[in-house]
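J.: One structure, as structure tokens, below. Some questions next.
Residue numbers (the working numbering): 114 to 399.
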């Protein structure tokens, strides 16, 4: 089996992708916390934040790890190779977010290049994820507009350059948390909308009961090991049923990228810890 995750213990740090509300969403890259090691294989994406790590950061390197933090977020790699992601959205919002207004993200991203699904016998997602903290800063009743989501997504797309749907894709998701809106995340199938730069692609999230324990909240830890290949094909079938990727042949599907982390659609703080992040590909002839 081949591990498609290039840096499972986050030892090389990140390329920081700048995208700030304060600068008209201009983008740029820098490597943190190191500048003299191997190039990072992950990007750290901070879409629509008022305090991006590109400009505002406290970087510390210690034996076996590092931390990158500011007033709104933190990224910590500990000596055990675990990654903690934290968001504090008190300063991200000066009013309750309204429909179609953007929201801040903190995502760890890896691109795959050309990785076709054809020829795969299995594709296994492995990770430990633990919810360390969750606090609503809004003092309001639960609603569908304001929540903190933690998820893993794979962008699955048409990788055939001769196809009319070349580079078209959909989002395949494994939700971990959607709180305080929900006590437990739920399956989801809908278009990526709700903000100006939404991709307009289908989001297809499977039932978390398949891979999470029956209760999963603050202080709980899940050890996930799931062959997602069948579910990815199920998501593609649903996408075509709904009119997405109309010219894509199943044989042309491939992985584009992976991301894991937070989207905060309200003034909510939270923290998760990730360990053992692997994506294991097994070929049909193995």
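Positions of the beta carbon are idealized from the N, C-alpha and C atoms, including for glycine.
Looking at C-beta atoms only, is the number of pairs between the region 352-360 and the region 196-206 that lie closer than 8 Å three or more?
T.: Result no; under three Cβ-Cβ pairs closer than 8 Å.
J.: In the region 323-370, which residue ranges form an unbroken beta strand (DSSP E) of at least 3 residues, counting only runs that do not cross its ends?
T.: List check, beta strand (DSSP E) in window: 334-340.
J.: Buried or exposed for residue 259, please, with buried defined as at least 16 other CB atoms from any protein chain shown within 10 angstroms of its CB.
T.: Along the chain shown, read from residue 1 onward, the residue named residue 259 stands at position 146. The residue is buried, with at least 16 neighbouring Cβ atoms inside 10 Å.
J.: Between which two residues does the beta strand (DSSP E) harbouring residue 197 extend?
T.: Within the chain shown, the letter at position 84 stands for residue 197. Taken as a continuous stretch (DSSP letters only), the beta strand (DSSP E) holding residue 197 covers 196-201.
J.: Using a Cβ-Cβ cut-off of 8 Å (strictly less than) and excluding sequence neighbours within five positions of residue 256, which residues of its own chain qualify?
T.: Working through the chain shown from its first residue, we reach residue 256 at position 143. So the qualifying residues of the chain are 294.
J.: Just the Cα atoms here: how many angstroms apart are residue 388 and residue 315?
T.: Against the chain shown, residue 388 aligns to sequence position 275. Against the chain shown, residue 315 aligns to sequence position 202. In a straight line, the C-alpha of residue 388 is about 28 Å away from that of residue 315.
J.: Run through the DSSP bridge pairs and tell me what residue 384 is partnered with.
T.: Sequence index remark: in the chain shown, residue 384 carries index 271 (1-based). According to DSSP, residue 384 bridges with 199 and 246.
J.: Just how far apart, CA to CA, sit residue 382 and residue 118?
T.: What you label residue 382 is simply residue 269 of the chain shown in a count that begins at 1. What you label residue 118 is simply residue 5 of the chain shown in a count that begins at 1. If you take the alpha carbons of residue 382 and residue 118, they lie about 28 Å apart.
J.: Take residue 196 as the anchor and find which of 213, 237, 227 and 126 has the nearest alpha-carbon.
T.: Taking the chain shown and counting its residues from 1, the one referred to as residue 196 is at position 83. For residue 196, the nearest C-alpha among the options comes from 126.
J.: Roughly how many whole angstroms lie between the Cα atoms of residue 245 and residue 277?
T.: Sequence index remark: in the chain shown, residue 245 carries index 132 (1-based). Sequence index remark: in the chain shown, residue 277 carries index 164 (1-based). Between residue 245 and residue 277, the C-alpha separation is close to 45 Å.
J.: Distance check for residue 210 and residue 116, CA to CA, integer angstroms please.
T.: The count along the chain shown starts at 1 and reaches residue 116 at position 3. The count along the chain shown starts at 1 and reaches residue 210 at position 97. Between residue 116 and residue 210, the C-alpha separation is close to 39 Å.
J.: Can you tell me which of the three DSSP states residue 321 falls into?
T.: Against the chain shown, residue 321 aligns to sequence position 208. Residue 321: helix per DSSP, three-state reduction.
J.: Going straight from the alpha carbon of residue 199 to that of residue 157, what length do you get?
T.: Locating residue 199 in the chain shown gives position 86, counting from the first residue. Locating residue 157 in the chain shown gives position 44, counting from the first residue. For residue 199 and residue 157, the distance between alpha carbons rounds to 13 Å.
J.: Taking residue 175 as the reference, which of 189, 231 and 349 has the closest Cα?
T.: Start at 1 with the first residue of the chain shown, and residue 175 comes out as number 62. It is 189 whose Cα lies nearest to the Cα of residue 175.
J.: Based on the DSSP secondary-structure assignment, which residues constitute the bridge partners of residue 302?
T.: Start at 1 with the first residue of the chain shown, and residue 302 comes out as number 189. Answer is 317, bridged to residue 302.
J.: Count the other CB atoms, across all protein chains shown, that sit within 10 Å of the CB of residue 170; report buried if there are 16 or more and exposed otherwise.
T.: Start at 1 with the first residue of the chain shown, and residue 170 comes out as number 57. So residue 170 ends up on the buried side.
J.: Do you know offhand how far residue 163's Cα is from residue 302's?
T.: As a working note, residue 163 is residue 50 in the chain shown. As a working note, residue 302 is residue 189 in the chain shown. Residue 163 and residue 302: Cα-Cα distance of roughly 30 Å.
J.: Who does residue 254 pair with in a DSSP beta bridge?
T.: Within the chain shown, residue 254 is the residue found at index 141, counting from 1. DSSP, once it has assigned bridges, lists no residue as partnering residue 254.
J.: Thinking C-alpha only, which one of 323, 372, 379 and 267 is nearest residue 212?
T.: Locating residue 212 in the chain shown gives position 99, counting from the first residue. If we check each option's Cα against that of residue 212, 379 comes out closest.
J.: Would you kindly report the start and end of the unbroken beta strand (DSSP E) that includes residue 117?
T.: Counted from its first residue, the chain shown places residue 117 at position 4. No beta strand (DSSP E) holds residue 117; DSSP gives it neither H nor E.
J.: Residue 253: which of 208, 274, 282 and 280 sits nearest, CA to CA?
T.: The residue labelled residue 253 in the question sits at position 140 within the chain shown. It is 208.
J.: Going by the CB atoms, is the gap between residue 261 and residue 376 shorter than 9 Å?
T.: The residue given as residue 376 occupies position 263 in the chain shown. The residue given as residue 261 occupies position 148 in the chain shown. Against a cut-off of 9 Å, the Cβ pair of residue 261 and residue 376 comes out as a contact.
J.: Please report how far the alpha carbon of residue 236 lies from the alpha carbon of residue 393, in whole angstroms.
T.: Sequence index remark: in the chain shown, residue 236 carries index 123 (1-based). Sequence index remark: in the chain shown, residue 393 carries index 280 (1-based). Near 6 Å, if we compare the C-alpha coordinates of residue 393 and residue 236.
J.: Return helix, strand or coil for residue 123, following the three-state DSSP convention.
T.: For the purposes of this step, residue 123 is identified with residue 10 of the chain shown, where counting begins at 1. It is coil, neither helix nor strand.
J.: Quick check on DSSP: helix, strand or coil for residue 162?
T.: What you label residue 162 is simply residue 49 of the chain shown in a count that begins at 1. Residue 162 falls in the strand class under three-state DSSP.
J.: With distance defined between alpha-carbon atoms, name the residue in 319, 313 and 192 nearest to residue 289.
T.: Here residue 289 refers to the residue found at position 176 when the chain shown is read from its first residue. Per the Cα distances, 319.
J.: Should residue 240 and residue 390 be called a contact, given that it needs their Cβ atoms to be closer than 9 Å?
T.: Position 127 of the chain shown, counted from the first residue, corresponds to residue 240. Position 277 of the chain shown, counted from the first residue, corresponds to residue 390. It is a contact, given that the beta carbons lie within the stated cut-off.
J.: Please report the straight-line C-alpha distance between residue 364 and residue 337, rounded to a whole angstrom.
T.: On the chain shown, position 251 is the one that residue 364 refers to. On the chain shown, position 224 is the one that residue 337 refers to. Each residue's alpha carbon lies about 27 Å from the other.
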